[in-house]
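Residue numbers (full-length UniProt numbering): 1 to 310.
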């Protein structure tokens, strides 16, 4: 919860330091963060009310309050994740100009939005009457929870994989060292942790026992909170480079730069170094000077590299 909040602060700090305007993706990530915080607080409150204890030690009132909190938490979950995913997709459009990314992000965004609305409606009206979800004494008819979990989780994970794979084509077209390429790819692939958390959440969901739900729900609650907060961090991490450079002392940066330069010098036999800007094939930037200004954007700096030639 703290780390996700700091990551969003770092994102906005980077925007300020680079003097770039706020975009729709920034607004969406704030909405996702608020939802993540609300969900985390619900998990904490559920623990106070008996989650993690066997049902015989909680009582019927504890079960009802736990189910009500779970109902509210599922609504926040259904709202927050589409906001975070669409925020990431809009960010891709900002840093990767080109037809492929434009069409891909539009299609995936529409799918995520429509699927999110469908899941939200099913979540809200999962029981008839609605209060039958948490009031076990009320005769009610509810959707099959196991089928709903599978139907919700599989498309979500597939969308996550598509979002993770989207930048691969663009990154592969940029000339850089293997080390730099691995670093850039690693920043984007932090979303893998979201998929891992999603898988663990599904594992605990399928292992739930409705007869002792307060005990078996603890793993679900924990990994749900972890999953959504990691998603926020993953969405903000690619934008945090200016903030990190501002926070890290310049002497440290200078030392690292000199170390890299000295290692490069050892491998030289002559010649000079120069800065070369490699423009992605899909870029719509018209001139090299325009492109150089473009890479001043936090993540677009990945296309600027120092090349030593003999």
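Note that beta-carbon positions come from the ideal geometry of N, C-alpha and C, so glycine has one too. Note that the structure is a prediction, hence the values are computed from the model and not measured.
Checklist entry - Which term fits residue 161, buried or exposed, when burial requires 16 or more other beta carbons within 10 angstroms of its beta carbon? => result Exposed, by the Cβ-count rule.
Item to check | Whole-Å CB distance - residue 23 paired with residue 78, under 8 Å assumed | outcome: Contact between residue 23 and residue 78 is absent: CB atoms are separated by about 24 Å, not below the 8 Å threshold.
Checklist entry - At which residues does the alpha helix (DSSP H) containing residue 26 begin and terminate? => result It spans 24-48 - the alpha helix (DSSP H) in which residue 26 sits, taken as one unbroken run.
Item to check | Of the listed residues 120, 72, 228 and 213, nearest to residue 59 (C-alpha basis) | outcome: The candidate whose alpha carbon is nearest that of residue 59 is 213.
Checklist entry - For the region 45-62 against the region 97-116, are there 3 or more C-beta pairs whose distance is under 8 Å? => result As far as the Cβ criterion goes, the region 45-62 does not touch the region 97-116, which means the pair count is below three.
Checklist entry - Between the beta-carbon of residue 232 and the beta-carbon of residue 63, is there less than 8 Å? => result Result no, Cβ atoms of residue 232 and residue 63 do not sit closer than 8 Å.
Checklist entry - Expressed to the nearest angstrom, what Euclidean distance is found between the alpha-carbon atoms of residue 35 and residue 56? => result Straight-line spacing of the CA atoms in residue 35 and residue 56 works out to 32 Å.
Checklist entry - Residue range of the alpha helix (DSSP H) that residue 311 falls in? => result Here the chain covers residues 1 to 310 and nothing more, so residue 311 does not appear.
Item to check | Local conformation of residue 173 per DSSP, three classes | outcome: Note: residue 173 maps to coil in three-state DSSP.
Checklist entry - Could you give the distance in angstroms between the alpha-carbon of residue 148 and the alpha-carbon of residue 94? => result Rounded to the nearest angstrom, the gap between the Cα atoms of residue 148 and residue 94 is 35 Å.
Next on the checklist: Taking contact to mean 3 or more Cβ pairs, one atom from each stretch, closer than 8 Å, check whether the region 8-21 and the region 197-216 are in contact.
Outcome noted: No: the two stretches stay apart, fewer than three of their Cβ pairs being nearer than 8 Å.
Checklist entry - Beta-carbon separation of residue 192 and residue 10 under 8 Å? => result No Cβ-Cβ contact shorter than 8 Å links residue 192 with residue 10.
Next on the checklist: Using DSSP's beta-bridge definition, name the partner residues of residue 19.
Outcome noted: Under DSSP, residue 19 takes part in no beta bridge, so it has no partner.
Checklist entry - Nearest-angstrom Cα distance between residue 39 and residue 90? => result Take the alpha-carbon of residue 39 and the one of residue 90: they are about 24 Å apart.
Next on the checklist: On a Cα-Cα basis, can you pick out the residue from 139, 1, 196 and 42 that is closest to residue 72?
Outcome noted: The residue with the shortest Cα to Cα distance from residue 72 is 42.
Next on the checklist: Using only CA atoms, which one of 220, 87, 135 and 195 lies nearest to residue 28?
Outcome noted: Nearest neighbour of residue 28 by Cα position, chosen from 220, 87, 135 and 195, turns out to be 87.
Item to check | Helix, strand or coil at residue 53 according to DSSP, with G and I counted as helix | outcome: Coil.
Checklist entry - Residues in its own chain within less than 8 Å of residue 194 by CB, not counting five upstream and five downstream? => result Result list for residue 194: 160, 227, 230, 231 and 234, in chain order.
Checklist entry - Measuring CB to CB, does residue 222 end up less than 8 Å from residue 189? => result Not a contact, by the Cβ cut-off of 8 Å.
Next on the checklist: Going by DSSP in three states, residue 6 sits in which element: helix, strand or coil?
Outcome noted: In this structure, residue 6 counts as helix in the three-state DSSP scheme.
Checklist entry - Helix, strand or coil: which one does DSSP assign to residue 13? => result DSSP places residue 13 in the helix class (H, G or I) of the three-state scheme.
Checklist entry - Near residue 139, which residues of its chain fall below 8 Å by C-beta distance, leaving aside the five closest residues on each side in sequence? => result If we look at residue 139 and ignore the five residues flanking it on each side, its Cβ neighbours are 132.
Next on the checklist: So, at 7 Å on beta carbons, what are the nonlocal neighbours of residue 92 in its own chain, with the 5 sequence-adjacent residues on each side left out?
Outcome noted: Excluding residues within five positions, the ones whose Cβ falls inside 7 Å are 101, 105, 166 and 167.
Checklist entry - Relative to the alpha-carbon of residue 143, which residue among 125, 47 and 3 has its alpha-carbon at the smallest distance? => result Out of 125, 47 and 3, 125 has the C-alpha closest to the C-alpha of residue 143.
Next on the checklist: Nearest by alpha-carbon distance to residue 112: which of 127, 33, 97 and 80 is it?
Outcome noted: Cα-wise, what sits closest to residue 112 is 80.
Checklist entry - Of all the options 220, 61, 169 and 199, which has the alpha carbon lying nearest to the alpha carbon of residue 158? => result Measuring from the Cα of residue 158, the nearest candidate turns out to be 199.
Checklist entry - Any idea if residue 14 is buried or exposed, counting beta-carbon neighbours within 10 angstroms, 16 or more meaning buried? => result Residue 14 comes out buried.
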